[in-house]
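J.: The structure's right below; bear with me while I get my questions together.
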Amino acid sequence: DVKVTQSSRYLVKRTGEKVFLECVQDMDHENMFWYRQDPGLGLRLIYFSYDVKMKEKGDIPEGYSVSREKKERFSLILESASTNQTSMYLCASSFAPGTGSYEQYFGPGTRLTVT
Amino acid sequence: AQKITQTQPGMFVQEKEAVTLDCTYDTSDQSYGLFWYKQPSSGEMIFLIYQGSYDEQNATEGRYSLNFQKARKSANLVISASQLGDSAMYFCAMRGRTSGTYKYIFGTGTRLKVLA
């Protein structure tokens, strides 16, 4: 079974704090993604990575950065948290070499509140 | 630009009946993939079914089937014999190429409520 884990289910931070959200997958997936989910807006892609040390901006990268030093780990960083970054953050991974399958597997999500 | 549209914010269905959740997409690419995910109230996204743009047969997975109409750019999810546990949010998604890079985009979702 594919497993994607996220470091926290719930997080409360203050405005201006630096926030780290960690994601780990155990299925040797090459691709990893960070989304935020807000009511009525669906999932919006923040950043993604198709390889170690590689990153690409998604649709809403402003205010975020990412790090992928190891294949299984993809971190999302909020450099200076703001109240408009209060949201549900979902990590996903996809594609193990040789499978030809591209469905994404998601972690349980981190509900971040910035006060 | 690529886009996924789900026009039904919410739907009700009686237990044991079939229900269709609508999804239309827009892309100029010839090679793309379409996915449906379920998100129960617990929050975790669960992959349900996949359809490739070159697949001639509609995909099926148990009680789930994908009604793929390429010319109309629609990829509706059909759930047969609905169960109470099917109550959830359902998202349609597409993997396609934008500026040379494959990306996934999601619709805004349909909330399904199954009635006993």
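Residue numbers (our numbering), protein chains in the order written: chain A, 73 to 187; chain B, 74 to 189.
Glycine included, C-beta positions come from ideal geometry on N, C-alpha and C.
If we define contact as Cβ-Cβ less than 7 Å, is Pro-133 (chain A) a contact residue for chain B?
T.: Residue numbering aside, residue 133 (chain A) sits at position 61 when the first sequence is read from its first letter. With 7 Å as the cut-off, Pro-133 (chain A) does not count as an interface residue toward chain B.
J.: Is Glu-175 (chain A) buried or exposed, if buried means 16 or more other CB atoms sit within 10 Å of its CB?
T.: Along the first sequence, one-based indexing puts residue 175 (chain A) at 103. When all chains shown are included, Glu-175 (chain A) counts as buried.
J.: 7 Å is my cut-off, CB to CB: does Phe-85 (chain B) come that close to chain A?
T.: Indexing the second sequence from 1 puts residue 85 (chain B) at position 12. Taking Cβ atoms only, chain A never reaches closer than 7 Å to Phe-85 (chain B), which makes this a no.
J.: So, using beta-carbon positions, are Gly-135 (chain A) and Leu-162 (chain A) closer together than 7 Å?
T.: Position 63 of the first sequence, counted from the first residue, corresponds to residue 135 (chain A). Position 90 of the first sequence, counted from the first residue, corresponds to residue 162 (chain A). No, the pair does not count as a contact, with Cβ atoms beyond the cut-off.
J.: Do three or more CB pairs link the segment 143-157 of chain B to the segment 169-180 of chain B at distances below 8 Å?
T.: no
J.: Three-state secondary structure (DSSP) at Thr-182 (chain A)?
T.: Numbered from its first residue, the first sequence carries residue 182 (chain A) at position 110. In the three-state reduction of the DSSP assignment, Thr-182 (chain A) falls in the strand class, which pools E and B.
J.: Which chain B residues sit within Cβ distance under 8 Å of Tyr-177 (chain A)?
T.: The residue you call residue 177 (chain A) lines up with position 105 of the first sequence. In chain order: Phe-120.
J.: Among the residues of its own chain, which have a CB less than 6 Å from the CB of Glu-144 (chain A), if the five just before and after it don't count?
T.: Along the first sequence, one-based indexing puts residue 144 (chain A) at 72. These residues qualify, in order along the chain: Val-96, Gln-97.
J.: I'd like to know if the segment 75-82 of chain B and the segment 124-142 of chain A are in contact, where contact means that at least 3 CB-CB pairs between them fall below 8 Å.
T.: no
J.: Go ahead and pull the three-state DSSP assignment for Leu-117 (chain A).
T.: Taking the first sequence and counting its residues from 1, the one referred to as residue 117 (chain A) is at position 45. In the structure shown, Leu-117 (chain A) sits in a strand (DSSP, three-state: E or B).
J.: Taking 7 Å as the CB-CB cut-off, is Arg-168 (chain B) touching chain A?
T.: As a first step, residue 168 (chain B) is located in the second sequence; it is residue number 95 there, counting from the start. Interface residue, yes.
J.: Below 8 Å, can you find three or more Cβ-Cβ pairs linking the segment 100-115 of chain B to the segment 154-165 of chain B?
T.: yes
J.: Have a look at the DSSP bridge pairing and note the partners of Arg-86 (chain A).
T.: Here residue 86 (chain A) refers to the residue found at position 14 when the first sequence is read from its first residue. Its beta-bridge partners do not exist; DSSP assigns none.
J.: Whose CA, out of B:Tyr-98, B:Gly-135, B:Leu-121, lies closest to the CA of Gln-142 (chain B)?
T.: As a working mapping, residue 142 (chain B) is identified with position 69 in the second sequence. Nearest option by C-alpha distance: B:Tyr-98.
J.: Rounded to a whole number of angstroms, what is the C-alpha to C-alpha distance between Asn-131 (chain B) and Ala-144 (chain B)?
T.: Position 58 of the second sequence holds residue 131 (chain B). Position 71 of the second sequence holds residue 144 (chain B). So the two alpha carbons sit approximately 14 Å from each other.
J.: Measuring alpha carbon to alpha carbon, tell me which of B:Leu-185, B:Tyr-127, B:Ser-155, B:Gly-125 ends up nearest Gly-135 (chain B).
T.: As a first step, residue 135 (chain B) is located in the second sequence; it is residue number 62 there, counting from the start. Comparing Cα positions, the closest option is B:Ser-155.
J.: Select from B:Val-92, B:Gly-182, B:Cys-96, B:Ala-189 the residue whose C-alpha is nearest the C-alpha of Gln-124 (chain B).
T.: On the second sequence, position 51 is the one that residue 124 (chain B) refers to. Considering only alpha carbons, the answer is B:Cys-96.
J.: With DSSP as the reference, label Gly-195 (chain B) as helix, strand or coil.
T.: With chain B represented from 74 up to 189, any question about residue 195 (chain B) goes unanswered, as that position is not in the structure.
J.: Please compile the residues from chain A whose C-beta is within a distance smaller than 7 Å of the C-beta of Lys-111 (chain B).
T.: Numbered from 1 along the second sequence, position 38 holds the residue referred to as residue 111 (chain B). Residues of chain A passing the Cβ test: none, with the nearest at roughly 11 Å.
J.: According to DSSP, is Gln-157 (chain A) helix, strand or coil?
T.: Counting from 1 along the first sequence, the entry for residue 157 (chain A) is found at position 85. Three-state result, Gln-157 (chain A): helix.
J.: Gly-180 (chain B) versus chain A: which residues are under 8 Å apart at the beta carbon?
T.: On the second sequence, position 107 is the one that residue 180 (chain B) refers to. Proximity of chain A to Gly-180 (chain B) at the Cβ level (cut-off 8 Å) is accounted for by Gly-114, in chain order.
J.: Express the C-alpha separation of Glu-88 (chain B) and Ser-137 (chain A) in angstroms, rounding to a whole number.
T.: Residue mapping note: residue 137 (chain A) aligns to position 65 of the first sequence, counting from 1. Residue mapping note: residue 88 (chain B) aligns to position 15 of the second sequence, counting from 1. For Ser-137 (chain A) and Glu-88 (chain B), the distance between alpha carbons rounds to 45 Å.
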